[in-house]
Amino acid sequence: MKLNGAQILCESLIKEGVEVIFGFPGGVLLPFYDVLWQYPQLRHILVRHEQGAAHAADGYARATGKVGVCLATSGPGASNLVTGIANAHLDSSPIIAITGQVARPFIGKDAFQEIDITGITVPITKHNYLVLKSEDMATVVKEAFHIARTGRPGPVLLDIPRDVFVEEATFNYPEKIDIRGYKPTLRGHPPQIKKAAKLINEAKRPVIIAGRGVTVSGAFQELHELAENAQIPVITTLLGISCFPENHFLSLGMLGMHGTAYANLAVDSADLVIAIGMRFDDRATGKVSGFAPHAQVIHIDIDPAEIGKNVKVTVPIVGEVKNVLRALNKQIETRTHVDWIDRIEEWRKEHPSLAIRETDALLPQYVISKICEITGGNAIIVTGVGQNQMWAAQHFCYQKHNSLISSGGLGTMGFELPAAIGAKVGQPKEIVWAIAGDGGFQMTLQELATAVQDNVAVKIAILNNGYLGMVRQWQALFHGRRYMATPLSGPDFVKIADAYGIPGIRVTDKVQVVAAIEKAIEHDGPFLIDFIVEPEENVYPMVAPGASLSQILEAPDEDIKVKAKPREISSM
Amino acid sequence: MTNHTLIALVENRPGVLNRVASLIRRRNFNIESIAVGHSEVPGISRMTIVVDGATTAVEQVRKQLEKLIEVVKVTDITQGSIIIRELALIKVHTTAATRSEIMQIVDIFRAKIVDVASDSLIVEVTGDEEKIDSLYNLLRRFGIKELARTGRIALTRGGNGTD
Numbered sequence: 316m317k318l319n320g321a322q323i324l325c326e327s328l329i330k331e332g333v334e335v336i337f338g339f340p341g342g343v344l345l346p347f348y349d350v351l352w353q354y355p356q357l358r359h360i361l362v363r364h365e366q367g368a369a370h371a372a373d374g375y376a377r378a379t380g381k382v383g384v385c386l387a388t389s390g391p392g393a394s395n396l397v398t399g400i401a402n403a404h405l406d407s408s409p410i411i412a413i414t415g416q417v418a419r420p421f422i423g424k425d426a427f428q429e430i431d432i433t434g435i436t437v438p439i440t441k442h443n444y445l446v447l448k449s450e451d452m453a454t455v456v457k458e459a460f461h462i463a464r465t466g467r468p469g470p471v472l473l474d475i476p477r478d479v480f481v482e483e484a485t486f487n488y489p490e491k492i493d494i495r496g497y498k499p500t501l502r503g504h505p506p507q508i509k510k511a512a513k514l515i516n517e518a519k520r521p522v523i524i525a526g527r528g529v530t531v532s533g534a535f536q537e538l539h540e541l542a543e544n545a546q547i548p549v550i551t552t553l554l555g556i557s558c559f560p561e562n563h564f565l566s567l568g569m570l571g572m573h574g575t576a577y578a579n580l581a582v583d584s585a586d587l588v589i590a591i592g593m594r595f596d597d598r599a600t601g602k603v604s605g606f607a608p609h610a611q612v613i614h615i616d617i618d619p620a621e622i623g624k625n626v627k628v629t630v631p632i633v634g635e636v637k638n639v640l641r642a643l644n645k646q647i648e649t650r651t652h653v654d655w656i657d658r659i660e661e662w663r664k665e666h667p668s669l670a671i672r673e674t675d676a677l678l679p680q681y682v683i684s685k686i687c688e689i690t691g692g693n694a695i696i697v698t699g700v701g702q703n704q705m706w707a708a709q710h711f712c713y714q715k716h717n718s719l720i721s722s723g724g725l726g727t728m729g730f731e732l733p734a735a736i737g738a739k740v741g742q743p744k745e746i747v748w749a750i751a752g753d754g755g756f757q758m759t760l761q762e763l764a765t766a767v768q769d770n771v772a773v774k775i776a777i778l779n780n781g782y783l784g785m786v787r788q789w790q791a792l793f794h795g796r797r798y799m800a801t802p803l804s805g806p807d808f809v810k811i812a813d814a815y816g817i818p819g820i821r822v823t824d825k826v827q828v829v830a831a832i833e834k835a836i837e838h839d840g841p842f843l844i845d846f847i848v849e850p851e852e853n854v855y856p857m858v859a860p861g862a863s864l865s866q867i868l869e870a871p872d873e874d875i876k877v878k879a880k881p882r883e884i885s886s887m
Numbered sequence: 163m164t165n166h167t168l169i170a171l172v173e174n175r176p177g178v179l180n181r182v183a184s185l186i187r188r189r190n191f192n193i194e195s196i197a198v199g200h201s202e203v204p205g206i207s208r209m210t211i212v213v214d215g216a217t218t219a220v221e222q223v224r225k226q227l228e229k230l231i232e233v234v235k236v237t238d239i240t241q242g243s244i245i246i247r248e249l250a251l252i253k254v255h256t257t258a259a260t261r262s263e264i265m266q267i268v269d270i271f272r273a274k275i276v277d278v279a280s281d282s283l284i285v286e287v288t289g290d291e292e293k294i295d296s297l298y299n300l301l302r303r304f305g306i307k308e309l310a311r312t313g314r315i316a317l318t319r320g321g322n323g324t325d
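Taken in sequence, the protein lines are chains A and B.
Position 289, counted from 1, in the first sequence is what our numbering calls 604; the numbers after and before it change by one each time, with no gaps.
Position 73, counted from 1, in the second sequence is what our numbering calls 235; the numbers after and before it change by one each time, with no gaps.
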């Protein structure tokens, strides 16, 4: 069957199970869009900026576990994808970014809207391709999806010149491919697993630190089994949140810069750290030389290059988390660790890290805790970056696996709205909340139009404090309260929403919070709430940059009245 | 030994050298030399990369390189018994008075003179870096006009190869 390159691309995408493309057209993409109507299985969602397309594909990928696809034209279209691709790269999110390129005879001539996007994206993709012949298209697509979704997932970019879209070739989708240089290690090395089991069985004060790798490999049950059988407290990284039920008595929440005091103290005192599908990011470890000073470390990860990169490891195990945990669990003996768990419970009582102080002021933490209560923790939370992100991580009681979508590695402000659109497109039956700050929201709010045009019913909560809040917090704590460039004016977000055709409410008083959230959920379509929150509220607890996890700054005493996070909701 | 010799077998495709160079730069690895050419396998090129082990975590270099899709295999052959060679071309200033002394030095190093002009000659020398450095240092007082070095290439002794 002879098809042109654009048709071969569409056929190949369908073969890979693609249902949605987040894209934005342009000159060199005309031949592609001119065949796309022939493939109604491929839903095209028009974004308002290419960065939004990449974030939406990323949100879609994280919410579904499938590969997300975004599409942009050459030149500025391609370069606008860059932040979104980098974001997916750092958080190991499988996306395929397709870019148009100028026609082959113009490559290298600085033609109109030409940019070397394969050169630009070398350091921020798992791999990329410049497709120089339409006869290569099917194989390249097959390889690209294989690379994106297997091993440690990541973004793959395909750059396709305009004339390759129109060049005809025989379409033959390869059944199998063999890439010489790409053979991820899936099974852990048995002697290493045996060594790890021995350490776990002998440990007196073990902790598990679970990361996004648990979610990616769907090892929820296996993690549960390990934790319960050996009675090991479970701490998560930011992206590990929701891989283990937070109402479980073994759950200590998140570690790191804004982790709970008891999680950080547990890591600091542990004699064994079992790190699962995580990469010892500096926000998680604090000062790396002071990390877990008494502990031996077992590190399970599918990426061999993560082993020993930041933290010295006693027993490395390279493999897929699910496979490794299955093999490991067979060798784990039942333990109780009563003394250790009692000690942690003492810390939990002494340091109620997630308590929200009693006040009539509208606190951002209160907003998050109410969204949690009203949804019963059954919602997908997509955050921006900064204070809103940390409060969403701390105060929402995640009840569903894989229900926090957040820009962890790159820390991309403005991620929340387009990623929430992608997540909602992928999981239309779920309630999806974008938790935004008033700073980050202004970076990508044009995607409100995307939500309207395609009726993507995302719920948006802006925690509006009139500051670039996290930077302001650092200025408050470490720079003598010199608020340089952090006070921030914004538009009337309710009017903005209205202008886009989205209903919205402004909430200025604590008593209005519940009704507003309920109204947003009841509304069939996108909805925006502008919460005018306490302007100088800080995120606590905090481990200052460069400090060890044991050096914890807690909320000033007079502010705290214990009000524990809801822990009664049924387990996932 | 602080210098490590890594052998990277890579797909012979456009851009692969850029990927390797980009990775080395962005990870802040210190590289002494890199030499690239065909290997015995069609479609596979062989890169010999010399890494300064005092300033760079060599195992990280190896593992990060292996993550590149077009890199098939990376081996640190430093510990084994290996043959190391580099080739240098040295253009030395000569006069009637110095020519014979230079030729004697070249002879001692089993190097070759591959070009002679009225006021210069080109010396070709192969060996490990130390030998080339020694010859270069001896020739410096005559005046070096140009120097070209290939960077290290290496093979392990005996056996079947880096696999």
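Glycine included, each C-beta is placed from N, C-alpha and C at the ideal position.
Cα-Cα, which of A:Glu483, A:Leu386, A:Ile329 and A:Leu345 is closest to Met316 (chain A)?
As a first step, residue 316 (chain A) is located in the first sequence; it is residue number 1 there, counting from the start. Checked all of A:Glu483, A:Leu386, A:Ile329 and A:Leu345; the closest Cα to Met316 (chain A) is A:Glu483.
Thr164 (chain B) by DSSP, collapsed to three states: which one?
Here residue 164 (chain B) is taken as the residue at index 2 of the second sequence, counted from 1. Three-state result, Thr164 (chain B): coil.
Environment of Ser243 (chain B) [buried if 16+ CB atoms lie within 10 Å]
Position 81 of the second sequence, counting from 1, holds the residue named residue 243 (chain B). When all chains shown are included, Ser243 (chain B) counts as exposed.
Secondary structure, alpha helix (DSSP H): runs of 4+ residues fully inside the stretch 442–504 of chain A
452–464 and 477–481
Check whether chain A comes within 8 angstroms of Arg188 (chain B), counting only Cβ atoms and requiring the distance to be less than that.
On the second sequence, residue 188 (chain B) is found 26 positions in, with the first residue counted as 1. With 8 angstroms as the cut-off, Arg188 (chain B) counts as an interface residue toward chain A.
Please confirm if Arg208 (chain B) has its CB atom under 8 angstroms from at least one CB of chain A.
Counted from its first residue, the second sequence places residue 208 (chain B) at position 46. So no, Arg208 (chain B) is outside the interface.
What residue from A:Leu783, A:Leu472, A:Ser532 and A:Phe347 has the CA that sits closest to Val397 (chain A)'s CA?
Here the question's residue 397 (chain A) lines up with position 82 in the first sequence. It is A:Leu472.
Can you find a heavy atom of the ligand SAH that lies under 7 angstroms from the Cβ of Cys687 (chain A)?
Although the ligand SAH was asked about, the structure shown includes no ligands whatsoever.
Trp748 (chain A), buried or exposed, once every other Cβ within 10 Å from all chains shown has been counted against 16:
Your numbering for residue 748 (chain A) matches position 433 in the first sequence. Flag for Trp748 (chain A) reads buried.
Determine the chain A residues that contact Asn180 (chain B) at a beta-carbon separation under 8 angstroms, and present them in chain order.
Counting from 1 along the second sequence, the entry for residue 180 (chain B) is found at position 18. Within chain A, the residues near Asn180 (chain B) are Gly434 and Val437.
Would you mind giving the Cβ-Cβ distance between Ala401 (chain A) and Leu725 (chain A), rounded to the nearest angstrom? I have them listed as a contact below 8 angstroms.
Along the first sequence, one-based indexing puts residue 401 (chain A) at 86. Along the first sequence, one-based indexing puts residue 725 (chain A) at 410. Right, their Cβ atoms sit about 5 angstroms apart.
Give me whichever residues DSSP pairs with Ala525 (chain A) in a beta bridge.
On the first sequence, residue 525 (chain A) is found 210 positions in, with the first residue counted as 1. For Ala525 (chain A), which the question treats as bridged, DSSP gives the partners A:Thr551 and A:Ile591.
Could you confirm whether any beta carbon from chain B is found closer than 8 angstroms to the beta carbon of Pro619 (chain A)?
Residue 619 (chain A) sits at position 304 when you count from the first residue of the first sequence. At least one chain B Cβ lies under 8 angstroms of Pro619 (chain A).
Under 8 angstroms, Cβ to Cβ, is there at least one residue of chain A near Ile211 (chain B)?
Against the second sequence, residue 211 (chain B) aligns to sequence position 49. No, Ile211 (chain B) lies away from the interface with chain A (no Cβ there is under 8 angstroms from its Cβ).
Using a threshold of 8 angstroms, state whether the C-beta atoms of Leu763 (chain A) and Ala812 (chain A) are closer than that.
Reading the first sequence from its first residue, position 448 is the one you call residue 763 (chain A). Reading the first sequence from its first residue, position 497 is the one you call residue 812 (chain A). Taking 8 angstroms as the Cβ cut-off, Leu763 (chain A) and Ala812 (chain A) qualify as a contacting pair.
Hey, is Ala378 (chain A)'s beta-carbon within less than 8 angstroms of any beta-carbon in chain B?
Numbered from its first residue, the first sequence carries residue 378 (chain A) at position 63. No, Ala378 (chain A) lies away from the interface with chain B (no Cβ there is under 8 angstroms from its Cβ).
So, does the CB of Val234 (chain B) fall closer than 8 angstroms to a CB anywhere in chain C?
The chain labelled as chain C is not found among the protein chains of the depicted structure, namely A and B.
Between Lys876 (chain A) and Ala791 (chain A), what straight-line distance do the alpha-carbon atoms span, to the nearest angstrom?
The count along the first sequence starts at 1 and reaches residue 876 (chain A) at position 561. The count along the first sequence starts at 1 and reaches residue 791 (chain A) at position 476. Note that Lys876 (chain A) scores 40 on pLDDT, short of 50, meaning its location in the model is unreliable; the coordinates nonetheless yield the value given after this. Each residue's alpha carbon lies about 23 angstroms from the other.
With a threshold of 8 angstroms between beta carbons, is Pro871 (chain A) in contact with chain B?
Along the first sequence, one-based indexing puts residue 871 (chain A) at 556. Judged by the 8 angstroms Cβ criterion, Pro871 (chain A) is not in contact with chain B.
Work out the CA separation of Val522 (chain A) and Ile193 (chain B) for me, nearest whole Å.
Counting from one through the second sequence, the residue named residue 193 (chain B) turns up at place 31. Counting from one through the first sequence, the residue named residue 522 (chain A) turns up at place 207. Taking the straight line from one Cα to the other gives about 39 angstroms.
For chain B, is any of its Cβ atoms less than 8 angstroms away from the one on Tyr497 (chain A)?
As a working mapping, residue 497 (chain A) is identified with position 182 in the first sequence. For Tyr497 (chain A), the answer is yes, since a Cβ of chain B falls inside 8 angstroms of its Cβ.
What residues are listed by DSSP as bridge partners for Glu517 (chain A)?
On the first sequence, residue 517 (chain A) is found 202 positions in, with the first residue counted as 1. None, per the DSSP bridge assignment.
List the residues of chain B whose Cβ lies closer than 7 angstroms to the Cβ of Lys624 (chain A), in chain order.
On the first sequence, position 309 is the one that residue 624 (chain A) refers to. Residues of chain B passing the Cβ test: Gln222.
Which residues bound the beta strand (DSSP E) around Ile613 (chain A)?
On the first sequence, position 298 is the one that residue 613 (chain A) refers to. Counting along the chain, the beta strand (DSSP E) containing Ile613 (chain A) begins and ends at Gln611 to Asp616.
DSSP three-state label for Thr318 (chain B), please.
For the purposes of this step, residue 318 (chain B) is taken as the residue at position 156 of the second sequence. In this structure, Thr318 (chain B) counts as strand in the three-state DSSP scheme.
By the criterion of Cβ-Cβ separation under 7 angstroms, what are the contact partners of His442 (chain A) in chain B?
Counting from 1 along the first sequence, the entry for residue 442 (chain A) is found at position 127. Those are Ile231, listed as they occur along chain B.
State whether the stretch 823–839 of chain A contacts the stretch 553–572 of chain A, with contact taken as three or more CB pairs (one from each stretch) at a distance under 8 angstroms.
no
Return the residue from the list B:Thr167, B:Ser195, B:Lys225 and B:Val212 that minimises the CA-CA distance to Lys624 (chain A).
The residue you call residue 624 (chain A) lines up with position 309 of the first sequence. Taking only the C-alpha atoms, the option nearest Lys624 (chain A) is B:Lys225.
Of the residues A:Gly691, A:Gln742, A:Gly752 and A:Ile547, the one placed nearest Arg650 (chain A), counting alpha carbons only:
Your numbering for residue 650 (chain A) matches position 335 in the first sequence. Checking every option, the nearest Cα to that of Arg650 (chain A) belongs to A:Ile547.
Counting contacts by CB-CB distance shorter than 8 angstroms, is Glu173 (chain B) in contact with chain A?
Position 11 of the second sequence, counted from the first residue, corresponds to residue 173 (chain B). At least one chain A Cβ lies under 8 angstroms of Glu173 (chain B).
Buried versus exposed call for Val744 (chain A) [16 or more other C-beta atoms within 10 Å across all chains shown]
Numbered from its first residue, the first sequence carries residue 744 (chain A) at position 429. Contrary to the premise, residue 744 (chain A) reads as Lys rather than Val in this sequence. Answer is exposed; the Cβ neighbour count stays below 16.
Tell me Ala219 (chain B)'s beta-bridge partners as DSSP assigns them.
Start at 1 with the first residue of the second sequence, and residue 219 (chain B) comes out as number 57. Answer by DSSP bridge pairing: none, since Ala219 (chain B) is not bridged.
Should Ser327 (chain A) be labelled buried (16 or more other beta-carbon atoms within 10 Å of its own) or exposed?
Taking the first sequence and counting its residues from 1, the one referred to as residue 327 (chain A) is at position 12. Looking at its Cβ environment, which holds 16 or more other Cβ atoms inside 10 Å, Ser327 (chain A) is buried.
Report the rounded CA-to-CA distance for Lys498 (chain A) versus Ile492 (chain A), giving the unit in angstroms.
On the first sequence, residue 498 (chain A) is found 183 positions in, with the first residue counted as 1. On the first sequence, residue 492 (chain A) is found 177 positions in, with the first residue counted as 1. Going by the C-alpha atoms only, they are around 12 angstroms apart.
Let me know the alpha helix (DSSP H) ranges lying completely inside the stretch 691–766 of chain A, each 4 residues or longer, listed in chain order.
702–710, 731–741 and 753–759
Give the straight-line distance between the Cα atoms of Ile884 (chain A) and Phe347 (chain A), rounded to the nearest whole angstrom.
Stepping through the first sequence from its first residue, residue 884 (chain A) is reached at position 569. Stepping through the first sequence from its first residue, residue 347 (chain A) is reached at position 32. Note that Ile884 (chain A) scores 38 on pLDDT, short of 50, meaning its location in the model is unreliable and no value can be drawn from it.
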